[in-house]
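Comments concern the structure below.
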Ligand code: NAP
Ligand code: GDP
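Residue numbers (our numbering): 2 to 326.
What follows is the structure, given as C-alpha cells:
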C-alpha cells in the first residue's frame, strides 16, 4: 500500500489556494494530484494562524508531511496604505507560527509566499532574487513588505541551524477566479473588473485610480498554481525564486483597464482619477531563474486570463468576495 503524503495548504480559500486546488483536481498532466497525496486546504475557520495554540492544533490534527504556506493578510495598494500595522503584525504572527510549528512537526518541506512588492523601492531594474534585502521597501507597503521579507530570513535560519527545508516563491501581481473583488481594498484587476461591471450595469462612469501609467507584470492564478506545485515537488533551493511572466510582458495600468473594458463589454467612456495614488511606478522582475529551470513553461495569454476572471466574477457575483454585506 502506498504511504499517504499529507500536503497542507494554509490560506486554501484565497485566490492562490483555490487555484492550486483547481489545478490539483483538474490537471490531467504533471501538475494534477499525485498518487498517495492527500491535499488539505485550510480556511481561517479551521483556526486563526495568528494564534500558536490554533496553529499547533491544526498541525496535530493533519500531521502534514509538506506545507504550502499562503495564509496572509493581503490587500492592494489602498489597503497597504491604510493598515500598515495590521499587515506587519498579523503577517509576522502567522508566518512565525506556521514556520515554527512546521519545524516542531519535522515537516519535510515548506513553500511560503513572498511578493515582488516587498523589494527595495530605490533599486536598479530588473529586480532579481538576490536583491530582496537591499534597501527599504516602498513607503506605501512597508508593513506587509517587512513581514514578508522576514520569511526569507527565517527560512535561511531554520536551514542553517536545523537543516530544515523551508523555501519561498516570489510571485508578481496575481489575479484570477476567487480573487478578492472588493471595491476599495482589492488589487487592481479584481477592483477594476468589479467597477467596470457596475459601470456597465448601472450606466455610471468607469473611473480608474491614478494616472494609468504605472507598470506591472501580472500572473494568472492558475499558472502560478502550477508553478507552486512544481516548486513543492522539484525545486531544491532554500533561496527564493521569482514566479513571473517576462520583462517584455510588463504592461501599464491603462492597458489593464482596456483589457477589462473589452472583457466586460463596456461601451462607455472611462477616466482616470489622478487624485488617487499611483503607488510604486514599477517593480520589474526578472524571471531568468525560473526559465532556467522551466524553459518551456506556457503562461496563459493576459487577455484570455482577464476574460476567464471576468466571466468567473459575473457568474459568481452573489458569492464572490465583493465587500458587499
Ligand atoms: P487572499 O485571497 O486574500 O487569501 C488569503 C487567505 O489567507 C485566505 O484563505 C484566508 O482565509 C487566509 N487567512 C488570512 N488571515 C488568516 C488567519 N489569521 N488565519 C488563518 N488563515 C488566514 O490572498 P491571496 O491573494 O490568495 O494570497 C496568497 C499568498 O500570495 C499570500 O501569502 C500573499 O501575500 C501572496 N501574494 C499575493 C499576490 C496577489 O496579487 N494577490 C501577489 C504576490 C503574493 P479566509 O478565506 O478564511 O479568510
Ligand atoms: P500594487 O502592485 O501592490 O501597487 O497593487 P495593486 O494591484 O493595488 O495595483 C495598484 C496600481 O493600480 C496603482 O498604480 C493604482 O493607482 C492602480 N489602480 C487603478 N485602479 C485601481 C483600483 O481600483 N484598485 C487598485 N488596487 N489599484 C488601482
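Ideal Cβ placement from N, Cα and C applies to all residues, glycine included. Please read all numbers here as calculations on a predicted model, not as lab measurements.
Fill in: Opening and closing residue of the beta strand (DSSP E) in which residue 70 lies
Unbroken beta strand (DSSP E) run through residue 70: 67–70.
Worksheet item: If you pair each beta-carbon of the region 205–225 with each one of the region 157–177, do three or more pairs fall below 8 Å?
Response: Contact between the region 205–225 and the region 157–177 is present, because at least three Cβ pairs lie under 8 Å.
Worksheet item: How is residue 159 classed by DSSP in three states: helix, strand or coil?
Response: In the structure shown, residue 159 adopts helical secondary structure according to DSSP, grouped into three states.
Worksheet entry | Distance, residue 168 Cα to residue 273 Cα | One C-alpha to the other measures close to 40 Å.
Worksheet entry | Any non-hydrogen atom of the ligand NAP within 8 Å of residue 44 CB | The answer is yes for residue 44.
Worksheet item: When the Cα atoms are used, what is the spatial distance from residue 44 to residue 34?
Response: Here the C-alpha atom of residue 44 lies approximately 20 Å from the C-alpha atom of residue 34.
Item to complete: Report yes or no: do the region 192–204 and the region 142–158 share at least 3 C-beta pairs separated by less than 8 Å?
Response: The region 192–204 vs the region 142–158: no contact.
Practice prompt. Leaving out five residues on either side along the sequence, give the residues of the same chain with a beta carbon under 6 Å from the beta carbon of residue 40.
Written response: Taken in chain order, the residues that qualify are 8 and 25.
Worksheet item: How should residue 181 be labelled, buried or exposed, when 16 other C-beta atoms within 10 angstroms of its C-beta is the threshold for buried?
Response: By the neighbour-count criterion, in which a residue is buried when 16 or more other Cβ atoms sit within 10 angstroms of its Cβ, residue 181 is buried.
Practice prompt. Can you check the region 114–182 for any alpha helix (DSSP H) of at least 4 residues that lies completely inside it and give the ranges in chain order?
Written response: Runs of the alpha helix (DSSP H) inside the region 114–182: 143–163.
Fill in: First through last residue of the beta strand (DSSP E) which encompasses residue 11
Judged by DSSP secondary structure, residue 11 falls within the beta strand (DSSP E) whose first and last residues are 6–11.
Fill in: Three-pair Cβ contact test at 8 Å for the region 85–100 versus the region 231–249
Contact annotation: the region 85–100 does not touch the region 231–249, with fewer than three C-beta pairs closer than 8 Å.
Discussion item. Extract the residue ranges of the alpha helix (DSSP H) inside the region 35–118, only unbroken runs of 4 or more that lie entirely within it.
Written reply: Listed in chain order, they are 53–63, 78–83 and 85–105.
Fill in: residue 274 (DSSP reduced to helix, strand or coil)
Residue state for residue 274 is assigned as strand, using DSSP reduced to three classes.
Worksheet item: Do residue 206 and the ligand GDP come close, with the Cβ less than 8 Å from some heavy atom?
Response: No.
Practice prompt. Would you kindly work out how many angstroms separate the C-alpha atoms of residue 331 and residue 219, rounded to a whole number?
Written response: Since the displayed the chain opens at 2 and closes at 326, residue 331 lies outside it and no answer follows.
Fill in: Segments assigned alpha helix (DSSP H), at least 4 residues, entirely inside the region 196–243
Listed in chain order, the complete alpha helix (DSSP H) runs (minimum 4 residues) inside the region 196–243 are 222–235.
Worksheet item: Going along the chain, which residues of its own chain have a beta-carbon closer than 8 Å to the beta-carbon of residue 84, five neighbours each way excluded?
Response: Only 74, 76 and 144 meet the Cβ criterion.
Worksheet item: Between the C-alpha atoms of residue 51 and residue 151, what's the straight-line distance to the nearest angstrom?
Response: Taking the straight line from one Cα to the other gives about 16 Å.
Worksheet entry | Buried versus exposed call for residue 206 [16 or more other C-beta atoms within 10 Å across all chains shown] | Flag for residue 206 reads exposed.
Worksheet item: Distance, Cα to Cα, residue 239 vs residue 147?
Response: Straight-line Cα distance between these residues: approximately 19 Å.
Item to complete: For residue 267, count neighbouring Cβ atoms within 10 angstroms of its own Cβ and tell me buried if that reaches 16, exposed if not.
Response: Under a 10 Å Cβ-count criterion, residue 267 is classified as buried, with 16 or more other Cβ atoms of the shown protein chains found around its own Cβ.
Fill in: Contact belief for residue 104 with residue 159 at Cβ below 8 Å, rounded distance in angstroms
About 6 Å; that satisfies the 8 Å criterion.
Worksheet item: What separation, rounded to the nearest whole angstrom, lies between the Cα atoms of residue 28 and residue 81?
Response: Whole-angstrom Cα-Cα distance: 34 Å.
Worksheet item: What span of residues does the alpha helix (DSSP H) with residue 307 cover, start to end?
Response: Annotation for residue 307: the continuous alpha helix (DSSP H) segment containing it runs 303–316.
Worksheet item: Do residue 210 and residue 277 have their C-beta atoms closer together than 9 Å?
Response: Less than 9 Å divides the Cβ of residue 210 from the Cβ of residue 277.
Worksheet item: For the alpha helix (DSSP H) that residue 27 lies in, which residues bound it at each end?
Response: Where residue 27 is concerned, the enclosing alpha helix (DSSP H) stretches over 16–27.
Discussion item. Helix, strand or coil for residue 321? Go by DSSP, reduced to three states.
Written reply: Coil at residue 321, not helix or strand.
Worksheet item: Within the present structure, is the beta-carbon of residue 310 separated from the nearest heavy atom of the ligand NAP by less than 8 Å?
Response: Residue 310 has its CB no nearer than 8 Å to any heavy atom of the ligand NAP.
Worksheet item: Around the C-beta of residue 164, are 16 or more other C-beta atoms found within 10 angstroms, so that it is buried, or is it exposed?
Response: A residue is called buried when at least 16 other Cβ atoms come within 10 angstroms of its Cβ; residue 164 does not meet this threshold and is exposed.
Worksheet entry | Given residue 95 as reference, the closest of 48, 194 and 137 once Cα atoms are compared | Minimum Cα distance to residue 95 is reached at 48.
Item to complete: Return yes when at least one heavy atom of the ligand NAP lies under 8 Å from the C-beta of residue 307, else no.
Response: In this structure, the ligand NAP has no non-hydrogen atom nearer than 8 Å to the beta-carbon of residue 307.
Practice prompt. With distances taken Cα to Cα, identify the nearest neighbour of residue 236 among 196, 299, 170 and 275.
Written response: Here the closest residue by C-alpha is 170.
Discussion item. For residue 156 and residue 108, I'd like the C-alpha separation in whole angstroms.
Written reply: Distance between the alpha carbons of residue 156 and residue 108 is about 13 Å.
Discussion item. Does residue 281 pass the burial test, meaning 16 or more other C-beta atoms within 10 Å, or should it be called exposed?
Written reply: So residue 281 counts as buried.
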